[in-house]
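The structure appears below as structure tokens.
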Amino acid sequence: MIYYFSGTGNSKWIAEELARRTGDEVTNLAEFINDGPASVFAGMDETIGIVFPIYAWGAPLIVERFCQSITLAPGAFAFAVCSCGDEAGRAMKRFKKFYAYQSAWSLAMPNNYVVGFDVDSSELEQKKIHAAREKIESIAQAVLSHTNVYDVHEGAGAGVKTALVRPMFNTFARATKHFSVDETCNGCGLCARICPIRAIAMEGGKPAWVRKHCTQCLGCINRCPQRAIQYGTGTTKRGRYYFPSTQKD
């Protein structure tokens, strides 16, 4: 089984592409958790994978917490794949404290963190997706053969970024008070439906953030069909991104 967490579709696509090549199945770990207490067991000779995005050079807290429910039997093959705009820092090495994988990879995917940066150009998006598709093929072969691999682009200053920036992100950047919705909102409710931790509720036909903190997956802001959701004032002139295969969701 391959479990994934995804806000704008990058990690979902990676998980599905891996599953297609390995004959495995995929499960959205957020939905799995929301159904009740999670308990996952990977038996001897079984394969289990986790696919997730990098947030501030670390794994999302929801993914770390999910991994605490996983029990790996001796002989199970565990792997992890992270998606990132460019570099992962020491995220994957830290992640091994929660999930004792044998193999790990990073894949550069189009940027969706419009809170801090604009989206990639269309040309760069396509270049990243093309390169990722080629790398997924080699990842799938390694998974099928249970080969031990560590192929993660950590980047410069990896240790400092993961040790210092990640905790600040989790403490301060996940606050929902900076989200707002403007008059172009048509009340479709997509943002509330796709929020992985149900931090959004429709009130009076408009979205309201009903939890103080969220995962910062930014699915709501990137996938709003009206571009009616903003985060502070910095996102008004920035683009929006979600993986093409999610357009009909």
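FYI, the numbering for the sequence shown is 1468 to 1716, going by our numbering.
C-beta atoms are modelled at their ideal positions from N, C-alpha and C, and glycine is treated no differently.
Which listed residue (the options) has its alpha carbon closest to that of residue i
| i | options | result |
| --- | --- | --- |
| residue 1598 | 1517, 1515, 1576, 1621 | 1576 |
| residue 1650 | 1696, 1681, 1660 | 1696 |
| residue 1534 | 1518, 1510, 1565 | 1565 |
| residue 1617 | 1489, 1606, 1484 | 1606 |
| residue 1485 | 1610, 1587, 1474 | 1610 |
| residue 1608 | 1570, 1581, 1586 | 1570 |
Rounded separation between residue i and residue j - CA only
| i | j | result |
| --- | --- | --- |
| residue 1525 | residue 1704 | 27 Å |
| residue 1424 | residue 1691 | As shown, the chain starts at 1468 and ends at 1716. That puts residue 1424 outside it, with no answer to give. |
| residue 1481 | residue 1677 | 31 Å |
| residue 1469 | residue 1494 | 6 Å |
| residue 1612 | residue 1589 | 35 Å |
| residue 1539 | residue 1561 | 18 Å |
| residue 1661 | residue 1655 | 12 Å |
| residue 1601 | residue 1477 | 15 Å |
| residue 1514 | residue 1700 | 45 Å |
| residue 1714 | residue 1708 | Residue placement at residue 1714 is flagged as unreliable, the pLDDT there being 40, under the threshold of 50; a coordinate-derived value is accordingly withheld. |
| residue 1498 | residue 1523 | 23 Å |
| residue 1684 | residue 1624 | 24 Å |
| residue 1657 | residue 1596 | 25 Å |
| residue 1604 | residue 1488 | 7 Å |
| residue 1532 | residue 1496 | 11 Å |
Residue i, enclosing beta strand (DSSP E) - first and last residue
| i | result |
| --- | --- |
| residue 1673 | 1673-1676 |
| residue 1539 | 1537-1539 |
| residue 1697 | 1696-1698 |
| residue 1586 | Careful: residue 1586 lies outside any beta strand (DSSP E) and carries neither H nor E. |
| residue 1668 | 1667-1670 |
Endpoints, alpha helix (DSSP H) assigned at residue i
| i | result |
| --- | --- |
| residue 1549 | It is not in any alpha helix (DSSP H) - residue 1549 instead sits in the beta strand (DSSP E) that spans 1544-1551. |
| residue 1572 | Looking at the DSSP string, residue 1572 is not in any alpha helix (DSSP H); the run it does join, the beta strand (DSSP E), is 1570-1575. |
| residue 1658 | 1657-1661 |
| residue 1562 | 1558-1562 |
Beta-ladder partner(s) of residue i, from DSSP
| i | result |
| --- | --- |
| residue 1618 | 1572 |
| residue 1495 | 1471 |
| residue 1476 | Its beta-bridge partners do not exist; DSSP assigns none. |
| residue 1508 | 1538 |
| residue 1680 | 1642 |
| residue 1515 | 1545 |
*asked:* Check whether the region 1545-1557 and the region 1669-1680 touch, using three or more Cβ-Cβ pairs below 8 Å as the test.
replied: Put simply, the region 1545-1557 does not touch the region 1669-1680. Fewer than three CB pairs are less than 8 Å apart.
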